[in-house]
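A short write-up of the structure that comes next.
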Amino acid sequence: MTVQRIPIIIDTDPGIDDAVAIGVALHHEELEVKLISTVAGNVDVDKTTNNALKLVQFFDKFTPVARGASKPLCTEYEDSSRIHGESGMDGYEFPEAKAAIHQEHAVNAIRQLLMNSEEKVTLVPIGPLTNIALLLSLYPECYFRIERIVLMGGSANGGNHTQTAEYNIFADPEAAKIVFSSGLDVTMVGLDVTSKATLTPDNVIAIRDQNETGKMMYSLFQHYRGGSLKTGLKMHDLCAIAYLVKPELFTTKKCFVDVETAGAYTRGTTIVDQKNRYQQPPNTTVCLDIDVEAFRMWAVKCLAAAR
Ligand code: BDR
Ligand code: CA
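So this is what it looks like as structure tokens:
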């Protein structure tokens with residue numbers, strides 16, 4: 247039986263948990279990764295692009311990689327390499343990437359792909375939302391070519407970059423505001439949920455022993471500061487991929503979500519109006535919980551399909 251594959255574009259800032267998400271997506275039989283677009287985030291855009299190219303090459307795929315925004319819409323770029331290491335993927339010696347980068351800027355590459363695609367395409371942003379906001383602002387004709395947006399970012403409860411703000415949204419709040427208020431079908435897989443989605447020490451060993459991909463990821467995991475090897479590694483970005491193919495793992499609610507862009511302490515915070523206090527129509531499907539055990543089993547199994 248042929249499986250109907252969901253066409254997706256991953257917009258990313260690899261990033262060690264991004265690398266895991268990309269690895270799973272590239273090997274999942276229900277997904278067709280049409281393009282990987284990169285953005286400045288965990289590390290600068292030259293590094294995130296180079297990392298994406300290295301991953302595609304490691305996995306022996308031909309997925310195009312397009313370089314995107316080098317800075318947020320309204321502020322200067324700040325590096326966040328403390329979580330993922332200097333290169334963004336410290337810990338493994340990838341051969342230098344030979345694959346050619348897409349000739350177009352990521353925003354134009356996404357537009358081209360959307361406008362030329364016979365079916366609508368799902369956007370999966372797992373980094374700051376700069377490219378997606380630029381796309382929606384510059385090329386409104388693309389709205390009708392987007393199936394939906396499933397993003398990792400924000401939180402219904404507490405942040406990691408500040409007390410209240412999650413990193414991907416904090417990194418470009420103005421861009422995030424454009425995405426949440428776009429009127430598109432948006433799903434938010436936020437930090438309060440993805441922080442529960444850890445790989446345990448046993449999962450990490452199982453992954454290492456499965457194949458070459460497991461060994462590569464095991465090396466990256468030694469340098470990943472999203473959680474710890476003892477208490478569990480947080481697979482934030484992989485949750486967005488899980489939502490695409492296994493939505494039953496998540497508890498969700500449709501809520502009004504907006505982004506704080508002005509607060510002295512709260513800039514980059516997602517306001518998730520679970521009790522409809524602001525009397526606004528819901529604009530986002532918000533993930534509120536995850537079946538952690540089932541997620542872990544799914545993640546280990548998916549990575550077994552890689553080389
Ligand atoms: C998000 O920030 C990055 O460090 C991760 O890759 C993930 O996308 C979690 O807040
Ligand atoms: Ca990321």
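Per this note's numbering: the sequence shown = residues 247 to 553. Even glycine gets a Cβ: it sits at the ideal position worked out from N, Cα and C. Since this is a predicted model, take the numbers as computed values, not measurements.
Same chain only: Cβ atoms within 8 Å of residue i, ignoring 5 sequence neighbours per side
| i | result |
| --- | --- |
| His348 | Leu281, Pro310, Val311, Ala312, Arg313 and Ala355 |
Other residues of its chain near residue i: CB distance less than 7 Å, five sequence neighbours each side excluded
| i | result |
| --- | --- |
| Ala551 | His273 |
| Asn403 | Asp438 |
| Tyr413 | Ser326, Asn406 and His407 |
| Leu475 | Pro447, Val450 and Phe467 |
| Leu319 | Thr376, Ala379, Asp418, Glu420 and Ala421 |
| Cys501 | Val518, Asp519, Gln520, Pro528, Thr530 and Val532 |
Residue i and residue j closer than 9 Å at C-beta
| i | j | result |
| --- | --- | --- |
| Gly238 | Leu466 | Beyond the ends of the chain as shown, which are 247 and 553, falls residue 238; an answer cannot be given. |
| Val367 | Ile255 | yes |
| Pro253 | Ala298 | no |
| Glu506 | Pro419 | yes |
| Glu393 | Glu365 | yes |
| Val396 | Val425 | no |
| Ile487 | Ala265 | no |
| Met463 | Ile451 | no |
| Gly472 | His330 | yes |
| Pro443 | Cys485 | Correcting the residue identity first, residue 443 is Ala in this sequence and not Pro. A contact, by the Cβ cut-off of 9 Å. |
| Arg553 | Leu445 | no |
| Ala286 | Ser316 | yes |
| Asp455 | Leu495 | no |
Residue i: CB within 8 Å of a non-hydrogen atom of ligand 1
| i | result |
| --- | --- |
| Asn288 | yes |
| Asp264 | yes |
| Glu412 | yes |
| Gly399 | yes |
8 Å contact criterion, which residue i and residue j should meet: CB distance rounded
| i | j | result |
| --- | --- | --- |
| Ala352 | Lys300 | That pair is no contact at about 17 Å. |
| Ile415 | Gly429 | Between Gly429 and Ile415 the Cβ distance is about 19 Å, and since that is not below 8 Å, they are no contact. |
| Glu276 | Val249 | 6 Å |
Cβ-heavy atom distance, residue i to ligand 2, below 8 Å
| i | result |
| --- | --- |
| His469 | no |
| Ile392 | no |
| Ile372 | yes |
| Thr240 | No statement about residue 240 is possible, as the shown extent of the chain runs from 247 to 553 and does not include it. |
Three-state class that DSSP yields for residue i in the structure shown
| i | result |
| --- | --- |
| Ser428 | coil |
| Pro371 | strand |
| Pro386 | helix |
| Ala519 | The residue asked about is misnamed: residue 519 is Asp in this sequence, not Ala. DSSP places Asp519 in strand when its eight states are reduced to three. |
| Ile395 | strand |
| Pro447 | helix |
| Cys320 | coil |
Cut-off 6 Å between Cβ atoms - residues of its own chain near residue i, not counting five sequence neighbours on either side
| i | result |
| --- | --- |
| Thr498 | Thr531 and Cys533 |
| Asn482 | The residue you asked about is not Asn; residue 482 is His in the sequence shown. The residues are Asp263, Met398 and Thr440. |
| Asp431 | Arg394 |
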